[in-house]
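Read the structure below first, then the notes.
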Amino acid sequence: MSKEVRHILATRNVSKYFEGVKVLEKVSITIPEGGIIGLIGPNGSGKTTLFNIITGFHVPSEGEVLYRASNEFIRIDGLNPHEIYRLRIVRTFQLPRLFHSLTVIENLLVTPVGQRGESILNAVRWRTWLEEEKNLVKKALGILAMFNKLEIAFKYPAQLSVADIKLVETLRGLMANARLYLLDEPLAGLDFATARRLLNFIKEIRNSYNVTFIIIEHRIDLLMETVDYVYVLHNGRLLASGKPDEVIQNPDVVKAYVGE
Amino acid sequence: MIDITGFLINWLEYFAIYAILAVTLSLESGISGITNFGKVAFFGLGAYLGAIINTYLLLAISGVDVVKAPPYTAEGVIALIEISTLNPALVLGVFTLSILVSFIVTGVFGYLLTYPIIRVGSGFVGFTLLCVGEVLRGIYVNMEFVGGTNGMLGIPQPFIWLGIPMLSGLCYLLLSVTILALTYIVTDRILGSPLGRTLRSIRDDDIAALCLGKDVPKIKSKIFFLTSGFSGVAGTLYACYVSSVNPQMFVTLVTFNVWAMIIIGGSESPIGAIIGALILTLIERILPLIASLNEYLPFTPDYLRPVFIGLIMTIVLIKYPRGLISMKPPKFIKSAVEELIREAS
Ligand SMILES: Nc1ncnc2c1ncn2[C@@H]1O[C@H](COP(=O)(O)OP(=O)(O)OP(=O)(O)O)[C@@H](O)[C@H]1O
Ligand SMILES: [Mg+2]
């Protein structure tokens, strides 16, 4: 990567032990602003754990996580998840965690942070938040319409198919005006056309807002068409990194996936 | 003959007071997920605050020496009766003040309590609050200036100077229903707002909500300030209605009565809470009438209460597992969406 590239996130020698078991070992990655970065690796290689550390779910046992907040880098390891969210880093969950008593549209609407109607004093005076709410509703509906999913707007998560749950989980994340999105297996379970559409949507968001994506994915064929750069984890260690075609041809990577 | 009007006023007064508790319990426990098994703590605190202000302050302003004639003695009570029949403006003023103080002090008490309790696992919150209620009761028992185990008598009903019990009862009822209406409107608006949605998301999955930037402890603390404040006001209303407080009035059973109301009515709906309060307070008020027929009954009426409540709960829950009234998503989103769908096609 050339010198002029601005980075938005970096991990430095991040390690994580769970009760003595090493799950991540000295992982250092740098993420360029405006990039779509793939994070791949076999099951159990530590991808989700790395997301958990970046988003404040876990504290790293060693190392640090740096994030460019405005113009300088700050350490974000050790912050609470909601503080990290307020720095406009948003993650989605590998196992969707939709709010079961909210409809799909409400699940999308809950995402934007600092809504006016979220304070008690404004909540009781609906005039203060109605305009903002209407705009959010439009945005949410626009997103659902793009995926031909308007008909699920008023369904509860329990009434959805597995693929729709996964899609809503990802779309919910995309409702936030984030600078950095961490998507954990957004394509899992999606049919081919929907998966393509989602990837195109991600590219579109990136192009319009210069935001950054890190995407964990097992559907490598689809992922490789979309990403600019790939990191490969294996047994908690960084095995390789590079442009998609370089990584795919890397014999170590092939071995990690296929086995000896 | 049974005095129908008197019965209605009495029942509706109890209903208004308990409905305030039930509506706030549905907001804090049904919707925000703070399991409050210590509802009586806030109710009792408000009652004692109301009792103290409406006696000590009233006496002090009127120039009675509260050290010589404290309100829990006969002289104090006699002085209070005199003041409350002769000086309406003062009584009403002090009463209004007591409502405000009760709201703020009980609210702040709830707010501060959330600091330790919300950080313990959610399963422990209920029991921590239950203990708070019992501890407060222990404190009242041991405090002489609120009358210890005997409590306090002679707390003036603020409309007593009207002279006609029915009329002053009716005025007090109107006031209580107004406060209930206010509680209901605030709760209902919160539910239909983005805050209500956030509260439900926190109850469903607080970790996911945290990951969506919601400051879960802070939001819960604020809600608990509000609901505790209203519970305190209900306590003050109660103390001035029955004109007395004593520690036995604020046992944990009160908490579970309110829980029964929201379980029957539907714990996620303030209307449900109100319906639950209506049903259970009616039963509570009818039971004394049945008990007065003691000599004609083939059984002691003491056990009727738990039997009745248990029976109603069982029947309702078999038919409506989530209570009589269940949650609906806010209306206007639905209409906004239908409009947009129409535009799109
Ligand atoms: N909280 C935890 N406590 C103990 N071990 C954990 C914990 N979280 C993850 N692990 C372990 O860490 C390892 C890496 O898990 P992780 O979920 O990060 O893998 P992954 O790369 O996301 O895998 P997959 O592709 O299957 O999602 C696994 O062996 C897992 O069992
Ligand atoms: Mg994973």
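So the sequence lines, in the order shown, correspond to chains A and B.
Using numbering that gives the first Met the number 0, read the first sequence as starting at 0 and increasing by one per residue.
Using numbering that gives the first Met the number 0, read the second sequence as starting at 0 and increasing by one per residue.
Note that the Cβ used here is the ideal one computed from N, Cα and C, for glycine as well.
At a cut-off of 7 Å between beta carbons, Arg118(B) makes no contact with chain A.
Using a cutoff of 6 Å, the CB of Gly45(A) counts as near ligand 1, since one of the ligand's heavy atoms is closer than that. Straight through space, the alpha carbons of Met312(B) and Ala259(B) are spaced by roughly 7 Å.
With respect to Ala122(A), Ile189(B) sits close: the two C-beta atoms are nearer than 7 Å.
Burial check for Tyr17(B): the Cβ neighbour count within 10 Å reaches 16 or more, so the residue is buried.
Cβ contact annotation for Ala180(B) (same chain, cutoff 8 Å, sequence separation greater than five): none. The beta carbon of Tyr230(A) sits no closer than 7 Å to any beta carbon of chain B. If you draw a straight line from the Cα of Val64(A) to the Cα of Pro80(A), it is about 14 Å long. For Ala177(A), no beta strand (DSSP E) segment is defined, and its DSSP state is neither H nor E. Contact annotation, Gly150(B) with Ser243(B): C-beta distance approximately 6 Å; criterion of less than 8 Å satisfied.
Taken from the Cβ of Val22(A), at least one heavy atom of ligand 1 lies inside 6 Å. Every unbroken stretch of the beta strand (DSSP E) spanning 3 or more residues and falling wholly within the region 4 to 68 of chain A is given here in chain order: 6 to 17, 20 to 31, 35 to 39, 61 to 67. In terms of side-chain proximity, the C-beta atom of Phe17(A) is found nearer than 6 Å to a non-hydrogen atom of ligand 1. At the C-beta level, Thr48(A) and Leu23(A) come within 7 Å of one another. Taken in chain order, the whole beta strand (DSSP E) runs of length 3 or more contained in the region 129 to 194 of chain B number zero.
The beta carbon of Ala239(A) sits closer than 7 Å to the beta carbons of Val231, Val246, Asn249, Asp251, Val252 from its chain, once the five residues preceding and following it are set aside; these are given in chain order.
Distance check between Leu173(A) and each of Glu82(A), Ile88(A), Gly241(A) places Ile88(A) closest, using alpha-carbon atoms only. By the rule that beta-carbons nearer than 7 Å mark a contact, Ile164(A) does not touch chain B. Close CB contacts of Leu91(B) within its chain, under the 6 Å cut and outside five residues either way in sequence, are with Pro157 (chain order).
Cβ contact annotation for Asp187(B) (same chain, cutoff 6 Å, sequence separation greater than five): Pro269, in chain order. Around the C-beta of Ala157(A), fewer than 16 other C-beta atoms lie within 10 Å, and the residue is accordingly described as exposed.
By the neighbour-count definition (other C-beta atoms within 10 Å, threshold 16), Tyr208(A) is an exposed residue. For the 7 Å CB-CB criterion, Ala15(B) and Ser227(B) do not form a contact.
Within the same chain, Tyr139, Val145, Gly234, Ala238, Val244 come within 8 Å of Tyr47(B) by CB-CB distance, once the 5 residues on both sides are set aside.
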